[in-house]
Structures are given as structure tokens and as C-alpha cells.
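Reading through the C-alpha cells given below for one structure.
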Amino acid sequence: MSIGSLDGLSAYARAARATNPLADTGARTGGLAPSGGLASGTSIGGGGFGAMVENMVSQTGDALRGAETQSIRQIGGKGDLIDVVTAIGAAETALDTVVAVRDRVVSAYSDIMKMQI
Amino acid sequence: MAELGNSIDVSASGLRAQALRMRVIAENLANSDSIATTAEGDPYRRRVATFAAEVDRSTGATQVAVKSIEADKSAFGRIYQPGNPVADAQGYVEQPNVNPLVEAADMKAAQRSYEANLNAIEAARGMTMRTVDLLK
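Here you go:
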């Protein structure tokens, strides 16, 4: 049984590629992206885990804004109820996904902090 | 997740198409007694919505859209009403070619199709949520 930290990193890299398939390595260096150490040597795409979270949060923000726009149009009597329902559904799904990922990250972080040194 | 999102969009296009079909049925029912305003004019002519498959180029999913709203070419009915100001020389008034029974059947079909699309949306959303629940 050799489940090392590199396995964890490559799992995060897969998640990062799944949420941000267009970004190539090194194109996004801002935000929380790790700029050295283990991450630069491994196959983390799209600027690493920080960029992945950033990307997911911005996508969720877009979905929520879309839902809000549709709701306001509906209140004004100009919108379509079907558009409101689908936009709110998409926003809800995106928010649920981000919250679930955040919970996972926070629990992983606290697991590491509780580790005996 | 993208495919489940696309399937929700496809079902939403079905909802929109059936809603428009429902509007046409409502127009037919509401105008089932609308006769011509002049002696030469025609009474209300029944209309039907026709659907067509439509590929959404951004996702490749095949959605449905109302292609056109066509006039029903069947003959008008005639009733004898000599006192009516729009009656012809023989005293007949043309009536719209709307059959309330046909409209009722069409309305049920639109209702069932709308419900089927709603159920598809519900199922797709349930599948998405169950997948997200794996993370929790």
C-alpha cells in the first residue's frame, strides 16, 4: 500500500482539469496558485488547486447572477418562468457543488493541522 | 455534469414548445364563435402549431422548437341565421372550423407532454444532486 501525497496531488490535478479544461499549465499564475515546490514538478494543470477553486467560484457567481437577472425580469413581467426555473436550478447546482468541494478542502486542511508531528 | 445540464436545456425547450402550443389551443377555443366582421370576410380559422427538431450548435443537443403556426384548411361550418348582419344572400353565416372536442384532446396531449418534460428535468436534476452528494 503506497498511497502517497503525489496520488492526492494528481487527484486534485484531475479535478482541476475537469473544471478548467482550457487553461494550460503556466498560463494562470495569479491567485492562490502554488508557484514552486511539489506543484511545479507535478502535472497540475491550470495553475493548480487555487485556480480551480477560483474558476469554480467565478462560474457559480455567473450562474447566480444569471438567475438573479431572470428573476428580476420575471418580477418586472418581462421574463419567462421557464428561464427563471432553469437559471435558478443551474445556480443551485453550481453553488451546491462549490460548497461540497469547499467542505472537502476544509476537512482535508483540518486533518493535516491535526496531524501529530 | 455538462450532459445533464444539456438535458435540462433540451427539456426546457420542450416546455417552451408545449407552452406555445397551449397558447394556440387557447386561441382556437376562445375564438370558436368568432364569425366574420363583414359579409365577404372569413370567420376565425383554426390554427395548429407544428414542431421541428433543432440542433443547438453550442452543445450539439437536439432541441425542439415550434416551426410554424399553420392555418387549418378544413371547411367552415354554416348555420342558417337570416337576421345576422354578416349573413350571405341565402341567409347562412359561416362558423369557425374549430371543434371543441379536438381542441380538448389536443390540450390533454400538450398537458401530458409538458408534464413529461417536467419529469425529465426533475430526474436530471436529481441525478446531478445525487452525484454532488457523493462529495458530502
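Top to bottom, those sequences are chains A and B. Counting in the working numbering, the first sequence runs from 1005 upward without gaps. Counting in the working numbering, the second sequence runs from 100 upward without gaps. We put the beta carbon where it would ideally sit given N, CA and C, even for glycine.
Check	Outcome
List the residues of chain A whose Cβ lies closer than 9 Å to the Cβ of A111 (chain B), in chain order.	I1086, D1087, V1089, T1090
Assign G225 (chain B) to one of two classes, buried (16 or more other C-beta atoms within 10 Å of its C-beta) or exposed (fewer than that).	exposed
Considering only the beta carbon of each residue, do E126 (chain B) and R144 (chain B) sit closer than 8 Å?	no
If you run the structure through DSSP and keep just helix, strand and coil, what is Q194 (chain B)?	strand
Kindly indicate which three-state DSSP category T136 (chain B) falls into: helix, strand or coil?	coil
Could you list which residues in chain A have their beta carbon closer than 8 Å to that of V231 (chain B), in chain order?	T1097, D1100, T1101, A1104
Mind checking if T149 (chain B) is an interface residue toward chain A, Cβ cutoff 8 Å exclusive?	no
Determine, using beta carbons only, whether G1093 (chain A) comes closer than 8 Å to chain B.	yes
Taking just the CA atoms, how far does P199 (chain B) sit from V185 (chain B)?	23 Å
Residues of chain A with a CB under 9 Å from the CB of K75 (chain B): which are they?	Residue 75 (chain B) falls outside the range modelled here, since chain B spans only 100 to 235, and no answer is possible.
Are Q189 (chain B) and F175 (chain B) closer than 8 Å when you measure CB to CB?	no
Look at the alpha carbon of I1121 (chain A) and the alpha carbon of M228 (chain B), and state the distance between them as a whole number of angstroms.	39 Å
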